[in-house]
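Everything on this sheet refers to the single structure shown next.
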Amino acid sequence: MNFRNFKLPGFVTYGKGSFQKVDEILSHKRVNNLPVIFFVDDFFKNNANFLGTIPLRGNDQVIFIDVTHEPKTTYVDELKDSLTAQFGEVSGIVGIGGGSVLDITKAVSLMMKNPGSSADYQGWDLVKYAGVYKMGIPSISGTGAEVSRTCVLTGPTRKLGMNSDFTPFDQILLDPLLLKTVPEQQRFYTGMDCYIHCIESLNGTYLNAFSRMYGEKALDLCEEIFLHKDEWDDDSDEKLMMASYAGGMSIAYSQVGVAHAVSYGLSYLLGTKHGIGNCIVFDKLAHYYPDGVLKFKEMISKNKIEIPKNLTQSLTEDQFNKMISISLGMEPLWENAIGKNWKSTIDHKTLRELYGQF
Ligand code: NAD
Ligand code: ZN
């Protein structure tokens, strides 16, 4: 029996307006006047009101993070090099943003204490030393990156996280007020990442009572806000924030499944973003997740979302092969989704047919 022993974030603060507590929390974490660096999603660049609430002290600095593309190992290495060149060491890094900024924050924190390139650590338990202090503050919810023990990076040869016990945040702060400005479409795609985490966990062979408890609750919350509510309101933001957390906890003790295994290929080859890529794939997975896909289609229609089409029509066979090989490499995801004998039903041909439908 493979009992997991997984590391969680060290401290959790929750509540509307809790962002005000950041200064106090950091006051115990500042080391020898070394600065705290705030990695802030560049959406906030022109939001002087919000920027004015970031508690800068001494040499603290805000660095805006470009999230046009999903996090790359090259970007993580550049950020680390520039921090080292400018400050030598830092007291810690606070990330404010979505899954992209949260993952970059985790990765740069680790790279401040581990030699080489972040690409060297893509995999399981390759990180050797704890990073600098890191705090994660989501400003869009769904990915569960706030609770996970990975930070997903696209590297020279693969898209894979730095999975380790050193990766979870030392502190997370969940303030639903930060979600207010998220545009509807983006909220839907990132919110569906959470919904899909729950479906994949609840229908997986790795399911257990621990995962089920979080997965069922997160699924209920997603259905309530995306399907049964007529208007999006503050309460919906609170529920989505907690759904993201619980969805992340659910997969921590199980695994994701087919949509993730397939969308990783799309995202590696075409740069399709995680939330939207999962939706494009999940829409075609009725064979694997009949009930989940049915409800998903209801949510699509209720929220008036157009899933992008014709992504793979003009790809070459070489490109299909690349996506298929990325996807087949996600072994634990397939094993969770289908079972130990997954290779008897999931092969090159199955995946070629599936990728051809997007
Ligand atoms: P994202 O971080 O790329 O953000 C999506 C968009 O929302 C961006 O344009 C951003 O600028 C904008 N945004 C963020 N906060 C906003 C706000 N308050 N108001 C308005 N706009 C705002 O997207 P995401 O879906 O949160 O994260 C996707 C990333 O997360 C991917 O890189 C994926 O690989 C990663 N991920 C990580 C994990 C993990 O466990 N570490 C799990 C799932 C996904
Ligand atoms: Zn996901």
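Heads up: the sequence shown runs through residues -9 to 348, numbered per my numbering. Every residue gets a Cβ at the ideal spot worked out from N, C-alpha and C, and that includes glycine.
In terms of side-chain proximity, the C-beta atom of residue 18 is found no nearer than 8 Å to any non-hydrogen atom of the ligand NAD. Restricted to the stretch 96 to 146, the beta strand (DSSP E) segments that are unbroken, complete and at least 3 residues in length are 123 to 128, 142 to 144, listed in chain order. Contact check between the stretch 22 to 30 and the stretch 165 to 176: fewer than three CB pairs, one atom from each, fall below 8 Å, which does not count as touching. Counting the other Cβ atoms within 10 Å of the Cβ of residue 326 gives 16 or more, which makes it buried.
Around the C-beta of residue 334, fewer than 16 other C-beta atoms lie within 10 Å, and the residue is accordingly described as exposed. Not a single heavy atom of the ligand NAD lies less than 8 Å from the C-beta of residue 44. A distance criterion of 8 Å places the beta-carbon of residue 183 in contact range of the ligand ZN, judged by its closest non-hydrogen atom. Partner residues in a beta bridge of residue 200, as assigned by DSSP, do not exist. One Cα belongs to residue 45, the other to residue 75, and the distance between them is close to 23 Å. Here the distance from the Cβ of residue 282 to the nearest heavy atom of the ligand ZN is not below 8 Å. Residue range 161 to 164 is occupied by the beta strand (DSSP E) that includes residue 161. Contact annotation: the stretch 230 to 243 does not touch the stretch 283 to 300, with fewer than three C-beta pairs closer than 8 Å. In the DSSP assignment, residue 51 falls outside any alpha helix (DSSP H) and lies within the beta strand (DSSP E) extending over 51 to 55. In the DSSP assignment, residue 328 falls within the alpha helix (DSSP H) that extends over 321 to 328. Setting aside the 5 residues that flank it on each side, residue 95 is surrounded in the same chain by 29, 83, 85, 124, 126, each with a C-beta closer than 7 Å to its C-beta; the list follows chain order. Across the set 157, 24, 150, 77, the C-alpha of 150 shows the shortest separation from the C-alpha of residue 316.
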